[in-house]
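Asks: In the numbering used here, the protein residues as written are 1 to 354. Beta carbons are placed, not taken as given, at the ideal position from N, Cα and C, and that holds for glycine.
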Ligand SMILES: *Cc1c(COP(=O)(O)O)cnc(C)c1O
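(1) Measure how close the beta-carbons of residue 196 and residue 64 come, nearest whole angstrom, since I'm counting them as under 8 Å.
(2) Can you name, in chain order, every residue of its own chain whose Cβ lies under 6 Å from the Cβ of residue 107, other than the five neighbours on each side?
(3) Would DSSP call residue 254 helix, strand or coil?
(4) Should residue 61 be counted as a contact of ligand 1 given a C-beta to heavy atom distance under 7 Å?
(5) Do you know whose CA, among 52, 33 and 336, lies nearest residue 249's CA?
(6) In this structure, does DSSP put residue 4 in helix, strand or coil?
(7) Measuring only the C-alpha atoms, how far is residue 183 from residue 133?
(8) Mind checking whether residue 74 and residue 127 have CB atoms under 8 Å apart?
(9) Tell me whether residue 193, by its Cβ, gets closer than 7 Å to a heavy atom of ligand 1.
(10) Would the C-beta of residue 131 count as close to ligand 1, meaning under 7 Å from any of its heavy atoms?
(11) Considering only residues of the segment 96-160, which uninterrupted alpha helix (DSSP H) runs meet the minimum length of 4 residues and lie entirely inside it, listed in chain order?
(12) In whole angstroms, what is the alpha-carbon distance linking residue 247 and residue 92?
(13) Have a look at residue 271 and residue 295 and give me their C-alpha separation to the nearest angstrom.
(14) Assuming residue 208 and residue 220 form a contact by the criterion Cβ under 8 Å, report the distance between their Cβ atoms to the nearest whole angstrom.
(15) So residue 179 packs on residue 201, CB below 8 Å; how close in whole Å?
(16) Under DSSP, the beta strand (DSSP E) around residue 330 begins and ends at which residues?
(17) Could you please give me the residues that DSSP links to residue 425 through a beta bridge?
(18) At what residues does the beta strand (DSSP E) containing residue 197 begin and finish?
(19) From the DSSP secondary-structure annotation, give me the bridge partner or partners of residue 183.
(20) Residue 18: buried (16+ other C-beta within 10 angstroms of its C-beta) or exposed?
(21) Could you spell out where the alpha helix (DSSP H) holding residue 71 opens and where it closes?
(22) Output the distance between the C-alpha atoms of residue 279 and residue 324, rounded to the nearest integer angstrom.
(23) Once the 5 residues before and after residue 176 are set aside, which same chain residues still bring their CB inside 6 Å of it?
(24) Please name the residue in 161, 131 and 119 whose C-alpha comes closest to that of residue 153.
(25) Contact defined as beta carbons within less than 8 Å: I believe residue 223 pairs with residue 6. What is the distance between those atoms, to the nearest angstrom?
(26) Compare the beta carbon distance of residue 47 and residue 167 with 8 Å and say whether it is the shorter of the two.
(27) Could you say if the segment 8-15 and the segment 329-348 meet the contact criterion of at least three C-beta pairs nearer than 8 Å?
(28) Whose C-alpha, out of 60, 227 and 124, is nearest the C-alpha of residue 40?
(29) How about residue 92: is its Cβ closer than 7 Å to a heavy atom in ligand 1?
(30) At a cut of 8 Å, does the segment 302-315 reach the segment 341-354 through at least three beta carbon pairs?
(31) Just to confirm my understanding: we take residue 322, look at its own chain, exclude 5 residues before and 5 after, and list those with CB closer than 7 Å. What are they?
(32) Is the beta carbon of residue 138 within less than 7 Å of some heavy atom of ligand 1?
(33) Taking 7 Å as the cut-off, is the C-beta of residue 199 nearer than that to any heavy atom in ligand 1?
(34) Grouping DSSP H, G and I as helix and E and B as strand, with all else coil, what is residue 288?
(35) Measure the C-alpha to C-alpha separation of residue 89 and residue 81 and round it to an integer number of angstroms.
(36) One question on the structure: do residue 115 and residue 131 come within less than 8 Å of each other, judged by their Cβ atoms?
The following block contains the structure:
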């Protein structure tokens, strides 16, 4: 039996999107592809509020997260770590042979502008990695305030992961001054996995130009050169790009404001349910994610059993990530999800726990 996904990624994909994936194949050096590529990147620029370059990479998010490190980390990188994905990004940075420090806070805590300021004031770093929305802990760090701090350090290139937040709220890249923003499409964008989107500011491209060991597949210079022809360095996942084209159309049909409002309403509904049922939150109020809620299992529910029973009813449930397994559970409220979907899901949980 297929399960409806309430896990924080991959996310439930609309039938219309699956259909778009079945579009007849075209060659990526044919004019048809260039037209598709331009249509998609133009719409992405609107979604990201940028006039800079937007690239499409055929990989999951970590492909570009590694690529960005290889292109943009010069002398030393500050990897801000507050969960599984950001911890991993530090590991990836080291594995790329780069000098890097993990600037760690406890899982469940945000990265604060004060921490970023104190870290960069040491003058040790020419680059940072930061995850806007730590999906493992349901923590959203205050990006506008962090971006304001980053503007004080123009020599630092900022690499920001928005995998599970992009499109759920306004993230105006140019206004914030983010150099490289990265997201996979299987979370906040509700597409099947396999495609990542990234941006590179003029500063980022300049940094990349002289960087040794960029490799080929994620070489930002290759992407920039091919972008001139509305194309990608190697064969892209064309089916997924058709799907993204359709999804962007759906996003703009809903309207950005309406989409942001819907995400807020969904988050408020789930938070209310968590509170009423006597569970705690891993994150403090202002830092609770808009796209997923990470609840602490303060009632000591057998989460593995709950997951199994929900599975039998056709619902995929997440009982915590990594070291938080069994101690927390996460409910996703992103992508195309509607209030009725979440009401149905929480009703099932209530029914099982009764
Ligand atoms: C899921 C996730 C990733 C990892 O993405 P892959 O597509 O599996 O490489 C990275 N960052 C965040 C915030 C995520 O939620």
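Replies: Short version:
(1) 5 Å
(2) 83 and 137
(3) helix
(4) yes
(5) Looking at the Cα atoms, 336 is the closest of the given residues.
(6) strand
(7) 11 Å
(8) yes
(9) yes
(10) yes
(11) Listed in chain order, the alpha helix (DSSP H) elements of length 4 or more contained wholly in the segment 96-160 are 113-120 and 143-150.
(12) 30 Å
(13) 9 Å
(14) 4 Å
(15) 4 Å
(16) 328-332
(17) No answer is possible for residue 425: the residues shown for the chain start at 1 and end at 354.
(18) 196-200
(19) 197
(20) Its Cβ having fewer than 16 others within 10 Å, residue 18 is exposed.
(21) 61-72
(22) Using only the alpha carbons, I get a separation of about 15 Å.
(23) 147
(24) For residue 153, the closest of 161, 131 and 119 by C-alpha to C-alpha distance is 119.
(25) The pair is not a contact, with the Cβ atoms about 35 Å apart (cut-off 8 Å).
(26) yes
(27) Under the Cβ criterion (8 Å, minimum of three pairs), the segment 8-15 counts as touching the segment 329-348.
(28) The shortest C-alpha separation from residue 40 is found at 227.
(29) no
(30) Between the segment 302-315 and the segment 341-354 there are three or more C-beta pairs closer than 8 Å, enough to call the two in contact.
(31) 84 and 136
(32) no
(33) Shortest gap from the CB of residue 199 to any heavy atom of ligand 1: 7 Å or more.
(34) strand
(35) 8 Å
(36) no
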